[in-house]
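Protein chains in written order, with this note's numbering: chain A, 10 to 447; chain B, 10 to 447.
Number of protein chains: 2
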Amino acid sequence: MSRITDLRLHSIAIADPPLRSSYGLHAPYALRTILELESSDGVVGISETYGGEAQVLQLEALRGQIVGADPYRLTGFLSPMVEGTPAGNAKSDRSQTYLLPGENPLDATTRTYAAIEVACLDLIGKTVGQPVCDLIGGRVREEVPFSAYPFYKHAGGGGEGDDEREDEYGEALTAEQLVEQVREMIAQYGFRSIKFKAGVLEPEVEVETVKQLYRALGPTVPLRIDPNSAWTVETSVRVGRELAEELGRGGYLEDPTAGLENMAAVRIRLVAEGIMTPLASNVAVTCFADIPQSLQLDAVQIILCDVHYWGGMRQVQHLARLARTHGLGLSMHSNSHLGVSLMAMAHVAAATPHLTYACDTHYPWQSEQDEVVLGGKVPIVGGCVRIPNKPGLGVELDYDKLARGRERYAKCGYRKRDDEAEMRKRVDPAWKRELPKW
Amino acid sequence: MSRITDLRLHSIAIADPPLRSSYGLHAPYALRTILELESSDGVVGISETYGGEAQVLQLEALRGQIVGADPYRLTGFLSPMVEGTPAGNAKSDRSQTYLLPGENPLDATTRTYAAIEVACLDLIGKTVGQPVCDLIGGRVREEVPFSAYPFYKHAGGGGEGDDEREDEYGEALTAEQLVEQVREMIAQYGFRSIKFKAGVLEPEVEVETVKQLYRALGPTVPLRIDPNSAWTVETSVRVGRELAEELGRGGYLEDPTAGLENMAAVRIRLVAEGIMTPLASNVAVTCFADIPQSLQLDAVQIILCDVHYWGGMRQVQHLARLARTHGLGLSMHSNSHLGVSLMAMAHVAAATPHLTYACDTHYPWQSEQDEVVLGGKVPIVGGCVRIPNKPGLGVELDYDKLARGRERYAKCGYRKRDDEAEMRKRVDPAWKRELPKW
Numbered sequence: 010m011s012r013i014t015d016l017r018l019h020s021i022a023i024a025d026p027p028l029r030s031s032y033g034l035h036a037p038y039a040l041r042t043i044l045e046l047e048s049s050d051g052v053v054g055i056s057e058t059y060g061g062e063a064q065v066l067q068l069e070a071l072r073g074q075i076v077g078a079d080p081y082r083l084t085g086f087l088s089p090m091v092e093g094t095p096a097g098n099a100k101s102d103r104s105q106t107y108l109l110p111g112e113n114p115l116d117a118t119t120r121t122y123a124a125i126e127v128a129c130l131d132l133i134g135k136t137v138g139q140p141v142c143d144l145i146g147g148r149v150r151e152e153v154p155f156s157a158y159p160f161y162k163h164a165g166g167g168g169e170g171d172d173e174r175e176d177e178y179g180e181a182l183t184a185e186q187l188v189e190q191v192r193e194m195i196a197q198y199g200f201r202s203i204k205f206k207a208g209v210l211e212p213e214v215e216v217e218t219v220k221q222l223y224r225a226l227g228p229t230v231p232l233r234i235d236p237n238s239a240w241t242v243e244t245s246v247r248v249g250r251e252l253a254e255e256l257g258r259g260g261y262l263e264d265p266t267a268g269l270e271n272m273a274a275v276r277i278r279l280v281a282e283g284i285m286t287p288l289a290s291n292v293a294v295t296c297f298a299d300i301p302q303s304l305q306l307d308a309v310q311i312i313l314c315d316v317h318y319w320g321g322m323r324q325v326q327h328l329a330r331l332a333r334t335h336g337l338g339l340s341m342h343s344n345s346h347l348g349v350s351l352m353a354m355a356h357v358a359a360a361t362p363h364l365t366y367a368c369d370t371h372y373p374w375q376s377e378q379d380e381v382v383l384g385g386k387v388p389i390v391g392g393c394v395r396i397p398n399k400p401g402l403g404v405e406l407d408y409d410k411l412a413r414g415r416e417r418y419a420k421c422g423y424r425k426r427d428d429e430a431e432m433r434k435r436v437d438p439a440w441k442r443e444l445p446k447w
Numbered sequence: 010m011s012r013i014t015d016l017r018l019h020s021i022a023i024a025d026p027p028l029r030s031s032y033g034l035h036a037p038y039a040l041r042t043i044l045e046l047e048s049s050d051g052v053v054g055i056s057e058t059y060g061g062e063a064q065v066l067q068l069e070a071l072r073g074q075i076v077g078a079d080p081y082r083l084t085g086f087l088s089p090m091v092e093g094t095p096a097g098n099a100k101s102d103r104s105q106t107y108l109l110p111g112e113n114p115l116d117a118t119t120r121t122y123a124a125i126e127v128a129c130l131d132l133i134g135k136t137v138g139q140p141v142c143d144l145i146g147g148r149v150r151e152e153v154p155f156s157a158y159p160f161y162k163h164a165g166g167g168g169e170g171d172d173e174r175e176d177e178y179g180e181a182l183t184a185e186q187l188v189e190q191v192r193e194m195i196a197q198y199g200f201r202s203i204k205f206k207a208g209v210l211e212p213e214v215e216v217e218t219v220k221q222l223y224r225a226l227g228p229t230v231p232l233r234i235d236p237n238s239a240w241t242v243e244t245s246v247r248v249g250r251e252l253a254e255e256l257g258r259g260g261y262l263e264d265p266t267a268g269l270e271n272m273a274a275v276r277i278r279l280v281a282e283g284i285m286t287p288l289a290s291n292v293a294v295t296c297f298a299d300i301p302q303s304l305q306l307d308a309v310q311i312i313l314c315d316v317h318y319w320g321g322m323r324q325v326q327h328l329a330r331l332a333r334t335h336g337l338g339l340s341m342h343s344n345s346h347l348g349v350s351l352m353a354m355a356h357v358a359a360a361t362p363h364l365t366y367a368c369d370t371h372y373p374w375q376s377e378q379d380e381v382v383l384g385g386k387v388p389i390v391g392g393c394v395r396i397p398n399k400p401g402l403g404v405e406l407d408y409d410k411l412a413r414g415r416e417r418y419a420k421c422g423y424r425k426r427d428d429e430a431e432m433r434k435r436v437d438p439a440w441k442r443e444l445p446k447w
């Protein structure tokens with residue numbers, strides 16, 4: 010029987026443009042961890058997850074259980090990591106209101122499990138010659154749609170020193186600049202829906218930005234707005250009202266305000282006005298334990314899954330079935346990532362019937378230069394990633410590029426994500442994240 | 010790539026003793042369908058499902074989609090069969106209150122899908138040399154606990170004519186006889202929990218039966234009683250009260266009365282009396298669409314899954330995660346079956362972390378003579394089925410025994426299950442199923 014003979018962890022840093030959100034500012038580097046599992050057959054399975062020191066330590070702590078394990082059985086053996094506490098014993102705040110994705114200690118175990126599960130599935134797929142989506146139930150779509158993910162941002166690209174480089178999008182701190190950014194993204198990738206990161210400028214400016222996007226793109230391109238909890242209930246309702254038309258054509262209002270009770274208050278007030286724009290969340294609802302209360306309050310109508318922090322591919326499939334059972338939509342969250350994560354997202358999406366929205370992805374913000382996947386960046390065509398006719402995730406590592414990612418990590422000094430500190434360092438020394446801000 | 014080159018369907022009849030339930034009487038033969046999928050590599054994957062003409066026709070109707078398909082992809086391609094209607098559009102009565110398992114037209118598609126999924130997984134497992142439980146997430150237990158499943162019954166075993174044969178248990182139409190039946194089952198199989206089929210005699214006799222079982226077995230053997238909806242709310246509450254001690258030690262009260270509203274009424278009245286015996290169901294809740302209302306009413310605290318009619322192994326795993334999310338227990342339903350079904354039940358149970366009760370099984374009621382599994386009946390030791398160290402489901406077909414099962418089917422004349430007709434034919438020409446009966 011094939012055994013896992015080696016676990017290799019690679020901490021890498023990738024250039025990241027100065028993107029803004031209600032959390033603050035993206036640092037010049039985003040951190041990722043690349044995981045390799047080698048089997049006694051000499052096959053290597055890979056995955057990608059959040060970066061930085063804490064994530065690597067969590068994976069290292071499992072080395073003794075991983076090395077020597079059967080890749081078909083390891084996920085079952087480690088399953089207590091994703092079964093979590095019963096609903097009734099849920100921690101009172103597992104939300105990410107105040108925590109960046111990847112920095113929430115309460116989902117450390119599900120994140121860590123997911124990285125191992127995906128690498129096991131890639132290893133199994135590469136061993137038996139099957140794509141991962143077909144190992145977990147079989148594909149229901151050959152092409153997985155993704156959304157454009159425009160951000161307000163400062164000029165300049167990512168990286169520092171010799172490694173610094175412009176991105177192709179430039180500054181976007183006005184409605185007009187943001188529309189231009191979206192036009193460029195659509196021209197390059199063919200996206201057919203837009204997820205717009207808000208919570209950065211005055212709500213009036215953000216409303217105007219969405220209105221301009223809607224005028225520019227027309228009613229057939231669904232628009233979503235995500236201010237990451239930056240608004241009061243009052244502001245959320247006002248924005249929902251002012252953008253009823255723009256968000257109402259297949260779009261949604263994502264985490265306008267913090268907490269399930271406030272989300273529910275927004276929902277009930279919008280519905281009372283006849284505005285049916287659904288509310289989506291990956292901040293108020295981040296784990297199974299959040300769902301019963303969310304349902305009870307009708308706080309969230311769409312859940313954003315994430316193969317990384319919801320505990321892997323099978324947990325995402327469980328979530329999708331649960332969402333369908335309760336009449337909830339399912340979308341997919343993203344964080345700054347490279348092609349290995351993109352393919353994991355695409356494979357689980359391909360094998361999840363009840364995925365009702367195009368997935369988020371930060372992928373266009375990452376540069377060819379930093380991609381660790383052999384052959385360079387995975388193509389997004391017509392807004393979609395096509396499941397390749399290759400085993401496993403369908404991608405292999407470029408070890409030279411991986412080595413450069415490790416060097417960048419060694420040099421850059423960043424060891425965790427802290428968008429608030431970065432905002433103070435580069436934009437406003439007095440900046441603090443305050444919720445609700447508007 | 011390996012393709013499915015042949016689909017073979019075998020309608021078989023197996024001797025079944027004259028077991029009683031609120032549905033009526035088991036006929037001398039239970040019907041099953043054995044499915045074989047052969048691949049271009051010459052590997053054969055098998056599964057077992059409900060029998061009779063309708064089930065075979067449903068499978069035959071998919072022949073064109075099955076033959077030529079990739080076994081890794083067929084389940085994805087057919088997934089609309091198990092995604093079902095969104096909760097909001099649920100048919101108002103998909104319950105099995107008036108329908109025997111396997112005879113409910115509303116779960117025909119999920120039953121049919123499940124038979125195909127299990128055969129695909131067995132085929133894949135046998136191709137790559139892996140047990141099925143390790144293909145679907147990995148085992149979380151090596152041994153799967155089953156319950157003894159005593160029935161009130163008439164004397165004599167199953168079969169007709171030359172094929173007629175006594176079973177080892179004899180008549181059980183009193184409390185004392187039923188206790189004796191359980192003692193024999195425990196002696197032979199080592200069961201450590203008891204699921205008792207009631208709804209047959211006066212409730213007072215059935216209460217007395219449970220009390221005698223409790224005295225005979227002591228408080229460490231969990232007892233469940235299942236009258237298949239035979240009782241009024243009033244009777245259900247009375248039984249729940251009188252058996253508070255006996256069912257309260259890890260047991261449950263299964264489908265005492267028909268319909269979610271009535272189940273909820275029983276629950277609220279028992280809790281008001283401080284009786285926390287949970288209610289279980291595989292009659293009021295038979296599909297995902299039933300769950301939202303059940304949760305809203307707190308009608309059911311334990312759901313009985315079934316790999317056959319809930320739509321296969323992955324749907325059972327989805328159901329388990331949903332149950333855990335909502336603080337519900339999960340048990341497993343059974344129908345008269347042979348060793349292929351037993352192994353499918355054991356494999357999905359082995360790979361389902363949130364299975365909180367021993368599974369039901371009718372297996373002890375079937376005879377060695379009718380078993381189609383090579384080597385004879387699968388051993389149940391210490392009340393458990395051990396996952397064998399073999400690929401796929403871990404069992405192969407005995408083609409001679411299968412041929413005899415087909416002959417029996419051809420001769421016996423039964424083409425569907427109708428316990429009510431059987432009851433009129435053999436016990437009481439005037440018998441009718443009336444709910445509630447008591």
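Positions of the beta carbon are idealized from the N, C-alpha and C atoms, including for glycine.
| Query | Result |
| --- | --- |
| Where Ile-284 of chain B and Gln-310 of chain B are concerned, what is the direct C-alpha to C-alpha distance, given to the nearest angstrom? | 13 Å |
| Using the C-alpha atoms, what's the distance from Ala-63 of chain B back to Leu-109 of chain B? | 14 Å |
| Beta carbon of Pro-212 of chain A, beta carbon of Ser-238 of chain A: below 9 Å? | no |
| When you compare only the Cα positions, how much space is there between Thr-244 of chain B and Val-280 of chain B? | 15 Å |
| Name the chain A residues that come within less than 8 Å of Glu-92 of chain B, Cβ to Cβ? | Arg-333, Pro-362, His-363 |
| Could you check what DSSP says for Pro-89 of chain B in three-state terms: helix, strand or coil? | helix |
| Determine the closest residue to Asp-171 of chain A out of A:Leu-444, A:Gly-321, A:Cys-421, with distance taken between C-alpha atoms. | A:Cys-421 |
| Are the C-beta atoms of Gln-324 of chain B and some chain A residue less than 9 Å apart? | yes |
| In three-state DSSP terms, what is Tyr-372 of chain A? | helix |
| What do you get for Gly-249 of chain A, buried or exposed, if any count of 16 or more other CB atoms within 10 angstroms of its CB means buried? | buried |
| So, are the CB atoms of His-19 of chain B and Glu-45 of chain B less than 9 Å apart? | yes |
| Nearest-angstrom Cα distance between Pro-400 of chain A and Gly-54 of chain A? | 10 Å |
| Would you say His-317 of chain B reaches chain A, if we count a Cβ-Cβ gap shorter than 9 Å as a contact? | no |
| So, using beta-carbon positions, are Gly-166 of chain B and Pro-388 of chain B closer together than 9 Å? | no |
| List, in order along the chain, the chain B residues whose C-beta lies closer than 8 Å to that of Asp-143 of chain A? | Asp-79, Tyr-81, Arg-82, Gly-85 |
| What is the rounded straight-line gap between the Cα of Lys-386 of chain A and the Cα of Glu-112 of chain A? | 26 Å |
| Can you look up Pro-26 of chain A in the DSSP assignment and give me helix, strand or coil? | coil |
| Could you list which residues in chain A have their beta carbon closer than 7 Å to that of Val-294 of chain B, in chain order? | Result: empty, since nearest Cβ-Cβ is about 11 Å, beyond 7 Å. |
| Which bits of chain B does Gln-139 of chain A rub up against, with CB to CB less than 8 Å? | Tyr-81 |
| Ignoring anything shorter than 4 residues or poking outside the region 374-445 of chain A, list the alpha helix (DSSP H) runs there in chain order. | 408-421, 428-435 |
| Along chain B, which residues have their Cβ under 9 Å away from the Cβ of Pro-301 of chain A? | Leu-304, Thr-334, His-335, Gly-336 |
| Can you find a C-beta in chain E that's less than 9 Å from the C-beta of Ala-298 of chain B? | Chain labels in this structure do not include chain E; the protein chains are A and B. |
| Run through DSSP, which three-state label would Ala-96 of chain B get? | With a pLDDT of only 39 at Ala-96 of chain B, under 50, the local geometry of the prediction cannot be trusted, and the value read off the model is given with reservation. Residue state, collapsed to three classes: helix. |
| Please confirm if His-327 of chain A has its CB atom under 9 Å from at least one CB of chain B. | yes |
| Quick test of the definition: if touching needs 3 or more C-beta pairs under 8 Å, does the region 269-276 of chain B touch the region 292-311 of chain B? | yes |
| In this structure, does DSSP put Thr-334 of chain A in helix, strand or coil? | helix |
| At 7 Å on the CB atoms, spell out the chain B contacts of Val-149 of chain A, in chain order. | Gly-85, Ser-88 |
| Please classify Thr-58 of chain A as buried or exposed, where buried requires at least 16 neighbouring CB atoms within 10 angstroms. | buried |
| Look at Thr-424 of chain A and Leu-34 of chain A and say whether their C-beta atoms are less than 9 Å apart. | Rather than Thr, the amino acid found at residue 424 of chain A in this sequence is Arg. No. Outside cutoff. |
| Quick check on the burial criterion: 16 or more other C-beta atoms within 10 angstroms. Buried or exposed for Gln-324 of chain A? | buried |
| Rounded to a whole number of angstroms, what is the C-alpha to C-alpha distance between Leu-16 of chain B and Asp-79 of chain B? | 13 Å |
| Apart from the five residues on each side of it in sequence, which residues of its chain come closer than 7 Å, Cβ to Cβ, to Leu-187 of chain A? | Pro-159, Tyr-161, Ala-181, Thr-218 |
| So, Tyr-198 of chain B versus Gly-392 of chain B, is the Cβ gap smaller than 9 Å? | yes |
| For a quick check, are the C-beta atoms of Ala-164 of chain A and Gly-179 of chain A less than 9 Å apart? | yes |
| What residue range is occupied by the uninterrupted alpha helix (DSSP H) comprising Leu-304 of chain A? | 300-306 |
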